[in-house]
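Q: Numbering (my numbering), first residue to last: 847 to 930.
The beta carbon of each residue, even a glycine, is placed where N, CA and C say it ideally should be.
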């Protein structure tokens, strides 16, 4: 309704969108590429904080054995061949 009554509104909105939104879209594409590169770089780096959360190998093996002997038949969430 407002578009019909205000004939110059639609061209003004289009011009404003062209001027302000399109450069932002081009900027976002550059940011997307940078974010992808950052994500790939972080993926390749070791995460020492995460590694610190993992228990020692002997403790992990004991926990997996308890899981397999007690819970595996009810809650199958561990891929057994990975741990055998």
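#1: Could you say which of 929, 895 and 921 lies nearest to residue 839 if we only look at CA atoms?
#2: Less than 9 Å separating the beta-carbons of residue 900 and residue 914?
#3: Helix, strand or coil: how does DSSP classify residue 901 here?
#4: Which stretch, first to last residue, makes up the alpha helix (DSSP H) that contains residue 923?
#5: Can you grab the Cα-Cα spacing for the pair residue 863 / residue 895, in whole Å?
A: On the basis of the coordinates in this document:
#1: This structure leaves residue 839 out entirely; the chain is present only between 847 and 930.
#2: For residue 900 and residue 914, no; Cβs fall outside 9 Å.
#3: Coil at residue 901, not helix or strand.
#4: Element bounds for residue 923: n/a, residue is neither H nor E.
#5: Looking at the two C-alpha atoms, the distance is approximately 45 Å.
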